[in-house]
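Down below is the structure, laid out as structure tokens.
In mature numbering (1 follows the signal peptide of the UniProt record, and there is no 0), the protein residues as written are -27 to -1, 1 to 283.
Written out as structure tokens, the structure is:
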């Protein structure tokens, strides 16, 4: 008795051929025709010494970087794994987008690389890249750009807008998912930064439950020599409680409502708290700014601000 070889149904052959064709088409589309780049070559490097991995533009503000504000900040991009030295066998072309978190300050930053100079960033839009560059393959390639914050020694860097930056690989197209991004915050010292804000219980807490408010101040890193932190507040909204042991000073000719301030020396790894109360002693109750629960937590934050001074 002869055994007959089983044959695959014609429909299954058609599915297999279709799947193989689709694979080859995808390789050609995403890898510019280079099947090896997509499916064989495991060295798909695109990295930076400042920017970190993001999945979309809106995530750039999660990677906070605080370079020295008075000097230029250099940012490098690489086509190789910096831990192993393995580099891509192919060119990587990428576009860099940069924008400000606010454009009402009149500030403009300048970005340069190679022979390209004077690219100005002064708006909150990022519709088009500020430049496009290529990291050459088959060798370890690097591209360095320079960011100028255009600050002088006497300016308060806390008023400067944040610079948001995202780098997106254009070719090979399958590399587009390897986006890099960062939020660059100018500060006086490379390793020093300050964070301030009101403390409240987690969750949806009614501001009416609070008679006094705690304002936390933290400093991390090595501070600049003789640097001070100036905390200002509106005395028509808040009163600094006496137990803070700080002497409130008057701002000369205030124009924005912030008429009181204190100085705090900048220190290494400092954490302190200020206590504020709602303004008291309003003779005419109808003029009490806190009447009828008129403020929320966002309003409260706007009643206090801080500045780093050299």
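From the three backbone atoms N, C-alpha and C, an ideal C-beta is built for every residue, glycine too.
{"Asked": "The beta strand (DSSP E) with residue 143 in it runs from where to where?", "Found": "136 to 144"}
{"Asked": "Would you tell me roughly how many angstroms separate the C-alpha atoms of residue 166 and residue 99, rounded to the nearest one?", "Found": "27 Å"}
{"Asked": "So what does DSSP say about residue 235, is it helix, strand or coil?", "Found": "strand"}
{"Asked": "Specify the secondary structure class of residue 183 as computed by DSSP and reduced to three states.", "Found": "coil"}
{"Asked": "Leaving out five residues on either side along the sequence, give the residues of the same chain with a beta carbon under 6 Å from the beta carbon of residue 280.", "Found": "129, 131, 203"}
{"Asked": "Give a yes or no on whether the C-beta atoms belonging to residue 172 and residue 194 are separated by under 7 Å.", "Found": "no"}
{"Asked": "Would you kindly work out how many angstroms separate the C-alpha atoms of residue 218 and residue 234, rounded to a whole number?", "Found": "13 Å"}
{"Asked": "Spatial neighbours of residue 58 within its chain, please: CB distance less than 8 Å, with the 5 preceding and 5 following residues excluded, ordered by chain position.", "Found": "113"}
{"Asked": "Quick one: what does DSSP say residue 221 is sitting in, helix, strand or coil?", "Found": "coil"}
{"Asked": "Taking only the alpha-carbon atoms, compute the straight-line gap between residue 196 and residue 146 and give it to the nearest angstrom.", "Found": "44 Å"}
{"Asked": "If you check the beta carbons only, do residue 124 and residue 103 fall under 7 Å apart?", "Found": "no"}
{"Asked": "With burial defined as no fewer than 16 other Cβ atoms inside 10 Å of the residue's Cβ, what is the status of residue 154: buried or exposed?", "Found": "buried"}
{"Asked": "Kindly give me the distance between the Cβ atoms of residue 120 and residue 84, rounded to whole angstroms, as I take these residues to be in contact under 8 Å.", "Found": "6 Å"}
{"Asked": "My guess is that residue 96 and residue 73 are in contact by the Cβ rule of under 8 Å, so how many angstroms apart are they, rounded?", "Found": "7 Å"}
{"Asked": "In chain order, what residues of the same chain lie with their CB nearer than 6 Å to the CB of residue 117, ignoring the 5 residues before and after it?", "Found": "47, 49"}
{"Asked": "Tell me which same chain residues have a C-beta within less than 6 Å of the C-beta of residue 251, skipping the five on either side of it?", "Found": "263"}
{"Asked": "Which first and last residues belong to the beta strand (DSSP E) in which residue 279 is found?", "Found": "277 to 282"}
{"Asked": "When DSSP labels each residue in this structure, what does residue 263 get in the three-state scheme?", "Found": "coil"}
{"Asked": "In this structure, does DSSP put residue 274 in helix, strand or coil?", "Found": "helix"}
{"Asked": "Flag this pair as yes or no: are the beta carbons of residue 53 and residue 18 separated by less than 7 Å?", "Found": "yes"}
{"Asked": "Among 106, 22, 214, 231, which has the Cα closest to the Cα of residue 55?", "Found": "22"}
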